[in-house]
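Here the UniProt record's numbering is used: the sequence shown runs in plain steps of one and ends on residue 259. The next block holds one structure in the form of structure tokens; read it before the comments.
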Amino acid sequence: MREHYERLIDGCRILMLDIPYSVEDLCNITVDLVERNRHVSDIYIRPLAYKSEELVANLKLQELSSDFTLITVPFGNYLGSDRLRCCTSSWRRVDDPMIPARIKACGIYINSILAKTEATIAGFDEAILLNHDGHVSEGSGENIFMVKKGIIYTPPLEDNVLGGITRDTIMQLAGAELGMEVQARTIDRSELYLADEVFLSGTAAHLTPVIELDCRPIADGQPGPITSQLQRMYFDIVVGNNPKYLHWCTQVRQPIAAT
Numbered sequence: 001m002r003e004h005y006e007r008l009i010d011g012c013r014i015l016m017l018d019i020p021y022s023v024e025d026l027c028n029i030t031v032d033l034v035e036r037n038r039h040v041s042d043i044y045i046r047p048l049a050y051k052s053e054e055l056v057a058n059l060k061l062q063e064l065s066s067d068f069t070l071i072t073v074p075f076g077n078y079l080g081s082d083r084l085r086c087c088t089s090s091w092r093r094v095d096d097p098m099i100p101a102r103i104k105a106c107g108i109y110i111n112s113i114l115a116k117t118e119a120t121i122a123g124f125d126e127a128i129l130l131n132h133d134g135h136v137s138e139g140s141g142e143n144i145f146m147v148k149k150g151i152i153y154t155p156p157l158e159d160n161v162l163g164g165i166t167r168d169t170i171m172q173l174a175g176a177e178l179g180m181e182v183q184a185r186t187i188d189r190s191e192l193y194l195a196d197e198v199f200l201s202g203t204a205a206h207l208t209p210v211i212e213l214d215c216r217p218i219a220d221g222q223p224g225p226i227t228s229q230l231q232r233m234y235f236d237i238v239v240g241n242n243p244k245y246l247h248w249c250t251q252v253r254q255p256i257a258a259t
């Protein structure tokens, strides 16, 4: 949770969103809300910092007041499938000189929505976006990884990639637990076709294998062994079943049944 809010504060700095909360404050507010809402299922926590001034046609960030809101909602399978058939989107990932791609800004979701809609109308589960140089960037709402000859690759942040918290988690686990080399480097579209394994990662997507891209099977068209190992490990950690990584989880009090 802390890393998520550190990223949010970074985004606030870029967008001049002067919210009156520290990372510690935001963590405490979140725990309190989760406990108060008494959920008994998986949930999605959505924090939002925004410009709250009741004005129109003022494009000057420095003149507008800011605020913060937080909601929690029950949440199921984000991608709708445990094995993804993807397509390369005709929409390109936003470019940093136009809008900062490395922050989680609401306006960027238009880019993601156009790509996701195009993909699903065409019968695919998800879209893979290229950057303006034609290199692989990410999914519509996930980071992307490729496995080739025992090495895991993922596009670098400089390729207009969001610095995903789950992305960092997977990179750490692959090195520490599987002893694998992980490289952040530019990836060509055609490299994905020839990969041994491809998978997506994200807070909502967790870790999900890609078995097909542009009607071409990835390897044998089944989830690969490294993807499956990382997926099992990740799920154990996020539900608190791995004591070694329990410090990555935040405990909240269980709802008490009414008497």
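Think of the CB as a built atom: it goes at the ideal place given N, C-alpha and C, for glycine as much as any other residue.
Linking T154 to D67 through their CA atoms gives a straight-line distance of about 35 Å. If you draw a straight line from the Cα of E212 to the Cα of D82, it is about 12 Å long. Cβ-Cβ separation between Q231 and L207: approximately 5 Å, consistent with a contact (criterion under 8 Å). Only residues of its own chain outside the window of five on either side were considered, and among them G150, I151, I152 and G175 have a CB closer than 8 Å to the CB of E181, listed in chain order.
Cβ atoms of Y193 and R216 come within 8 Å of each other, at about 5 Å. Assignment of N143 by DSSP, reduced to helix, strand and coil, places it in the strand class.
The Cβ atoms of G134 and E126 do not sit closer than 8 Å to each other. Between L8 and L33 a beta carbon distance of about 15 Å is seen, past the 8 Å cut, so the two are scored as non-contacting.
Judged by DSSP in its simplified three-state form, I211 adopts strand.
With respect to the 8 Å criterion, I14 and P100 are classified as neighbours on the basis of their beta carbons. Here DSSP, grouped into helix, strand and coil, assigns H39 to coil.
Cβ contact annotation for I218 (same chain, cutoff 7 Å, sequence separation greater than five): A195, E197, V198, V210, I211 and E212, in chain order. Where Q172 is concerned, there is no enclosing beta strand (DSSP E), although the alpha helix (DSSP H) around it starts and stops at I165 to L178. Under the Cβ criterion (8 Å, minimum of three pairs), the segment 85 to 99 does not count as touching the segment 228 to 247. Between the alpha carbons of K104 and I237 lies a gap of roughly 24 Å. E118 and L84 have their C-alpha atoms roughly 15 Å apart. Sequence-distant partners of R46 (beyond 5 residues in either direction) whose C-beta falls short of 6 Å from its own C-beta, in its chain, are I71. With respect to the C-alpha of C27, the residue from H247, L59 and H4 having the closest C-alpha is H4. A straight line joining the alpha-carbon of K116 with that of M146 spans about 20 Å. Taking C-beta atoms as the reference points, L130 and R185 fail to come closer than 8 Å.
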